[in-house]
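In my numbering, the protein residues as written are 3 to 483.
Here is the structure we will look at, set down as structure tokens.
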């Protein structure tokens with residue numbers, strides 16, 4: 003199998019290079035001396051383990067008899083091997099989850115080996131390390147460590163790894179090293195980092211939500227109990243999946259009101275479409291969602307013969323709006339999310355559909371949970387993902403957030419990297435005093451999974467107590483609420 007899990011072609015399947023068969027020198031010079039794939043057969047694994055035994059037992063004397071351990075029998079462990087032009091295994095590396103519990107996105111690589119005859123200028127070891135990093139990230143890993151012999155630290159640092167600390171392993175000095183994975187930071191930056199500088203041009207604080215609500219999910223209308231929220235759907239999504247776009251235009255707006263503890267009273271829509279058929283599909287999805295949530299569509303605007311576009315404004319009411327920036331150092335962070343459903347077709351790893359199968363009473367229980375519990379702060383999870391949205395709550399509160407990865411409620415078998423960066427349907431982040439009651443959110447699952455502290459950004463805390471940086475600084479640049 004290749005690094006992405008697809009089947010590797012057999013020799014008969016591979017295209018024949020006629021010039022190479024004829025012995026053309028320039029063609030032969032360009033041919034790769036090796037390729038890397040996932041080891042799938044018992045023979046490939048046996049060859050890889052033989053190389054390990056030769057290197058770590060006989061050459062280096064790090065082990066006696068063999069170097070096998072529990073990771074070799076863990077079915078989650080992957081082995082990548084390098085093969086030469088004769089399909090002989092000349093190197094390998096293994097990687098997989100740390101510990102025997104659930105895979106929480108913390109993996110470790112190790113047992114990197116290259117056959118003695120294949121060492122040198124070919125770069126097989128470096129290529130195996132790069133392949134392991136790529137595979138780990140493709141599997142949704144958020145922390146990838148390796149225990150490296152002291153003489154290998156230079157190679158790993160040259161490949162972009164960071165030294166963590168010296169440790170002893172197999173009776174010899176090693177360096178614990180970590181591959182920097184910037185997935186969460188990149189997602190948050192792409193979704194939200196332009197907001198602060200861009201919206202500063204509006205100047206008036208009221209245009210950003212008003213004092214205490216700057217950057218919030220909705221805007222309180224001064225002198226009233228009305229909350230207004232507005233969201234636009236990405237045009238490419240409206241174009242290729244109009245029904246789902248229509249549904250989501252209601253979903254995200256109701257969630258925005260729910261985060262502020264407001265009960266929805268109506269929706270206004272603005273639709274652009276190339277023709278009536280496309281507009282009808284958008285409005286069908288919008289109408290079905292409005293009916294499911296029990297919220298009337300009060301009116302709107304429709305334009306035909308234009309590029310796809312969709313935005314919805316939602317109005318709600320509350321006497322006590324919950325701010326997104328009401329958190330304080332020492333507050334406990336809770337995630338309450340609907341783990342039912344699955345990935346929306348065509349959006350694997352990016353959009354979780356938990357709402358289309360829910361009854362109206364279930365949807366209302368979830369969207370009324372913040373109003374019932376009235377925590378100090380609340381944000382519904384946006385396209386910045388769980389970790390990025392937590393960074394927004396922390397920024398608005400003038401705090402730093404630490405997220406306990408192992409405590410995050412998550413659907414079974416969903417990679418942690420995907421879950422912390424996707425749009426999860428219904429997911430609410432709240433901050434409140436430790437011991438505050440959970441949100442009464444019906445079918446949704448909630449758990450305390452972190453806290454607010456002094457500082458800024460978002461850290462991920464792992465079961466060994468290590469904290470890695472997910473977001474180093476503020477997310478939006480809009481500052482405290």
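Built from N, CA and C at the ideal position, the CB exists for glycine as well.
Treat the numbers as computed from the prediction; the structure is a model and nothing was measured.
Spell out a yes or no on whether the stretch 92 to 110 and the stretch 397 to 416 are touching, meaning 3 or more CB-CB pairs, one atom from each, closer than 8 angstroms.
yes
Return the bridge partner residues of residue 353 from the DSSP annotation.
425
With H, G and I counted as helix, E and B as strand and the rest as coil, what does DSSP make of residue 124?
coil
Between residue 176 and the rest of its own chain, which residues show a CB-CB distance below 8 angstroms, the 5 nearest in sequence each way excluded?
149, 150, 151, 152, 168, 169 and 170
Alpha carbon to alpha carbon, what distance is there between residue 403 and residue 244?
36 angstroms
Kindly provide the ranges of any alpha helix (DSSP H) runs that are 4 or more residues long and lie completely inside the stretch 97 to 154, ordered along the chain.
126 to 140
Using C-beta distances below 6 angstroms, list every residue in its chain close to residue 1, excluding the 5 sequence neighbours before and after it, in chain order.
No answer is possible for residue 1: the residues shown for the chain start at 3 and end at 483.
Output the distance between the C-alpha atoms of residue 475 and residue 192, rounded to the nearest integer angstrom.
14 angstroms
Should residue 451 be labelled buried (16 or more other beta-carbon atoms within 10 Å of its own) or exposed?
buried
Can you pull the DSSP bridge partners for residue 170?
175
Under the rule that 16 or more other beta-carbon atoms within 10 Å means buried, what is residue 298, buried or exposed?
exposed
Going by DSSP, which residues form a beta bridge with residue 276?
Answer is none; residue 276 lacks a bridge partner.
Residue 65 in three-state terms, based on DSSP
coil
Just to confirm the assignment: which complete beta strand (DSSP E) runs, minimum length 3, are found wholly within the stretch 205 to 241?
228 to 235
Just checking my contact of residue 2 with residue 227 at CB under 8 angstroms: how many whole Å lie between their CB atoms?
Limits of the chain in this structure are 3 at one end and 483 at the other, which puts residue 2 out of reach.
With H, G and I counted as helix, E and B as strand and the rest as coil, what does DSSP make of residue 302?
strand
Measuring only the C-alpha atoms, how far is residue 370 from residue 265?
7 angstroms
When you compare the stretch 458 to 474 with the stretch 337 to 354, are there three or more beta-carbon pairs, one atom per stretch, that lie closer than 8 angstroms?
no
Using the beta-carbon count (16 or more within 10 Å), is residue 123 buried or exposed?
exposed
How should residue 472 be labelled, buried or exposed, when 16 other C-beta atoms within 10 angstroms of its C-beta is the threshold for buried?
buried
Out of 428, 202, 212 and 102, point me to the one whose CA is closest to residue 342's CA.
428
Take every Cβ of the stretch 440 to 455, pair it with every Cβ of the stretch 127 to 144, and state whether three or more of those distances are shorter than 8 angstroms.
no
Run through DSSP, which three-state label would residue 49 get?
helix
By DSSP, does residue 94 sit in helix, in strand, or in coil?
strand
Alpha-carbon to alpha-carbon, residue 190 and residue 387
7 angstroms
Write down every uninterrupted run of the beta strand (DSSP E) in the stretch 427 to 480 whose length is 3 residues or greater and which is fully enclosed by it, in chain order.
429 to 434, 447 to 455, 460 to 463 and 469 to 473
Could you tell me the distance, in whole angstroms, from the CA atom of residue 479 to the CA atom of residue 248?
30 angstroms
With DSSP as the reference, label residue 325 as helix, strand or coil.
coil
Any heavy atom of the ligand NAD closer than 7 angstroms to the Cβ of residue 104?
Within the structure as shown, the ligand NAD is missing, as the structure has no ligands at all.
Length of the line joining the Cα atoms of residue 133 and residue 82
8 angstroms
Just how far apart, CA to CA, sit residue 202 and residue 157?
45 angstroms
From 38, 306 and 320, residue whose alpha carbon lies closest to that of residue 125
38
If you reduce the DSSP assignment to three classes, tell me which class residue 483 lands in.
coil
Going by CA-CA distance only, name the one from 104, 85, 440 and 442 that's closest to residue 119.
85
Give the straight-line distance between the Cα atoms of residue 179 and residue 159, rounded to the nearest whole angstrom.
9 angstroms
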